[in-house]
Amino acid sequence: MRTWYPRFRGKKTARGEKLHILGMLRAQRRHISFHTPGHKRGGADITELSYSDNLASPAGVIAEAQADLARITGAAQSFLLTDGSTSGVHAMLHALASRGIRRVACPERSHRSVATGCELAGLVRVPVFCGTAAGIPLQPTAKDAETALSQADALLVTSPDYYGNFPDLAALRALCDRENKPLVIDGAHGAHLHGTPLYAGRYADMWVDGVHKSLPALTQGALVSAGSGWTDALASSVGYFRTTSPSYPIMASVEYAVKYPRNAALEEAAQALKARIGAYPNADWSKLLLPFGDRADAAQAALERQGIYPEFNDGNYLMFYLSPATTRGELKTLERALRRLPRGTLRTLQAERGEIPLGARIVALPPAEAEGRVCAADCGLFPPCIPLILRGERVGAAQAALLQRAGGTFGLQEGKIPVFEEA
Ligand SMILES: Cc1ncc(COP(=O)(O)O)c(C=O)c1O
Numbered sequence: 004m005r006t007w008y009p010r011f012r013g014k015k016t017a018r019g020e021k022l023h024i025l026g027m028l029r030a031q032r033r034h035i036s037f038h039t040p041g042h043k044r045g046g047a048d049i050t051e052l053s054y055s056d057n058l059a060s061p062a063g064v065i066a067e068a069q070a071d072l073a074r075i076t077g078a079a080q081s082f083l084l085t086d087g088s089t090s091g092v093h094a095m096l097h098a099l100a101s102r103g104i105r106r107v108a109c110p111e112r113s114h115r116s117v118a119t120g121c122e123l124a125g126l127v128r129v130p131v132f133c134g135t136a137a138g139i140p141l142q143p144t145a146k147d148a149e150t151a152l153s154q155a156d157a158l159l160v161t162s163p164d165y166y167g168n169f170p171d172l173a174a175l176r177a178l179c180d181r182e183n184k185p186l187v188i189d190g191a192h193g194a195h196l197h198g199t200p201l202y203a204g205r206y207a208d209m210w211v212d213g214v215h216k217s218l219p220a221l222t223q224g225a226l227v228s229a230g231s232g233w234t235d236a237l238a239s240s241v242g243y244f245r246t247t248s249p250s251y252p253i254m255a256s257v258e259y260a261v262k263y264p265r266n267a268a269l270e271e272a273a274q275a276l277k278a279r280i281g282a283y284p285n286a287d288w289s290k291l292l293l294p295f296g297d298r299a300d301a302a303q304a305a306l307e308r309q310g311i312y313p314e315f316n317d318g319n320y321l322m323f324y325l326s327p328a329t330t331r332g333e334l335k336t337l338e339r340a341l342r343r344l345p346r347g348t349l350r351t352l353q354a355e356r357g358e359i360p361l362g363a364r365i366v367a368l369p370p371a372e373a374e375g376r377v378c379a380a381d382c383g384l385f386p387p388c389i390p391l392i393l394r395g396e397r398v399g400a401a402q403a404a405l406l407q408r409a410g411g412t413f414g415l416q417e418g419k420i421p422v423f424e425e426a
C-alpha cells in the first residue's frame, strides 16, 4: 500500500514549502503515552500535547499551517477541518445565519449537507431552478440565480460539481456585488484548482475545499476559508461543527495536499484521454465521466473484476476521480479497460413535479410500490449525494429501479421511499 505522502519524504515539499504539522509529527521523541488515543501507539496519531498545538486555539504548528494555506488559497483566513466538507458547509451556513441572514438561494440539487446545514442554522432554502442535460444536473445560469436571489439574502453554489461543471463564477460574483449579498461556494470538488481562474476562492466570500477528494489528503481532510469580510463570523461558527479531538494525521495530510505540486502532464493526459474515448466534455480534468447508460452496472462490474473501482455509478455514468497523485500508467490501464466495454443508452431520470397534499400522512413504501407517488423527502444515491427525487416530485419507474438496486442511498428508510399517502 502507498502512503498518503508518496512524493516527498522530507519536511519540505518539492516547491520548498515547509510542512509544519508533518515536520512536528516526524520530530517527536518516543514517549510513554498517558494520553488519548487509547491504542497507546503514539506515532502520528496523537492528541493535543505541549508541543503539538491545538486546533481550537492555534498558536504553533497548526497556526503556521493555516496561515500558509490561507496564503496559497488567497483567503483572509483558512480553517483546517477533519470532519469533511460537510462540516465546512455547515459552518458557512451558520456564519451566514449569525449575521442575520434568513434566506439562502441554492440549486435544488445541491449536496445533502446544504439542506441539513440550512435546517441546523434555521435558514430557508430558496430554490435556484436548474435543468438537466444528457442525464446530468446543470449548473444555474446567472439568470436562474438572479431570480432566486431576488427573494433571498445570500447565494450558495457548488463549483465545480461532481460532474466537473462550473457555473459562471464571474457573473455570479458581479450579481452578488450588485445586490450587496454574500456569495458562498461549496468547493468540495475543487481543492485542486487553487491558483487557477476556476478556483472558488477567487469569487466567494466563504468557500470550502474538499481537500481529500481531489488532492492527496486523508479521507475527511478539508479546509474552509473566508475573505476579509467574513473571518470573524466563520471563526466562531467553525467551532460548532468541528470535533474537539481532531486527527493529526488528517490535519497534516491537508497541509501536505494543498502544498502538493500540480501535475500538469497528468492534467493534459486526462483531457486528451477524455476527448479520445468520448467522455462527458466537462471543464475539470479531474472528473472523468463515461456515459454507459443502461449498461453502467455491467461496465462497473466488469471493471471491478479487473481491480478498477470508479467513484460512483449514477445509473448512467461511471465517474472516475483523478488527482495529481494518479499516474499516467493508471490512466493507460483505465483507457484499455474502458475501450473493451460496450456503451448503452442513457436513461431518462428526470422527475415530474407533483402536488404535496396538505396534512397527508407519510408512509414508506418499497421502491416498486412507491412508483407514481409524491415523494415526501429528498432521496438519492450516495454518492453523489444529490437528490435524484426531490420532496414533492413523483417517483418515476427508472428512479425507483435505480434506488432499489443501489448500494448506498440517502432519504430512504430501510430501503423504502417515504411518500405522501393518497386520499
Ligand atoms: C458537492 C458536495 N458538497 C459537500 C460534500 C461533503 O463532503 P464530505 O464528504 O467531505 O463531508 C460532498 C461529498 O460528496 C459533495 O459532493
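Residue numbers for the sequence shown follow the numbering used here, beginning at 4 and rising by one. Just so you know, even glycine gets a beta-carbon here, dropped at the ideal spot from N, CA and C.
The beta carbon of D297 is closer than 7 Å to those of G347, T348 and R350 in its chain, skipping five residues each way along the sequence. Between Q274 and W288, the C-beta spacing is below 9 Å. Only buried fits A282, as 16 or more other CB atoms lie within 10 angstroms of its CB. The beta carbon of G167 sits closer than 6 Å to the beta carbons of N285, D287 and K290 from its chain, once the five residues preceding and following it are set aside; these are given in chain order. In this structure, the CA atom of F132 is about 8 Å from the CA atom of A151. Using a Cβ distance threshold of 9 Å, C382 and L391 count as a contacting pair. Sorting D48, K262 and S88 by C-alpha distance to the C-alpha of L72 places K262 at the top.
Less than 9 Å separates the beta-carbon of L175 from that of A145. Between D212 and T330, the alpha-carbon positions lie close to 23 Å from each other.
Only buried fits G190, as 16 or more other CB atoms lie within 10 angstroms of its CB.
Scanning L99, M254 and E314 for the CA closest to the CA of G410 turns up E314.
The residue among C179, R339, A78 and E270 with its C-alpha nearest the C-alpha of T234 is A78. Counting C-beta atoms within 10 angstroms of its own C-beta, T89 has 16 or more neighbours from the protein chains shown and is therefore classed as buried.
With a threshold of 16 other beta carbon atoms within 10 Å, I359 falls short and is exposed. In the three-state DSSP reduction, I65 falls in the helix class (H, G or I). Y320 carries a strand assignment under DSSP once its states are collapsed to helix, strand and coil. With respect to A260, A220 sits close: the two C-beta atoms are nearer than 9 Å. The alpha carbon of G19 has as its nearest neighbour, out of K216, P264 and A379, the alpha carbon of P264.
K184 is not a Cβ neighbour of A207, given a cutoff of 9 Å.
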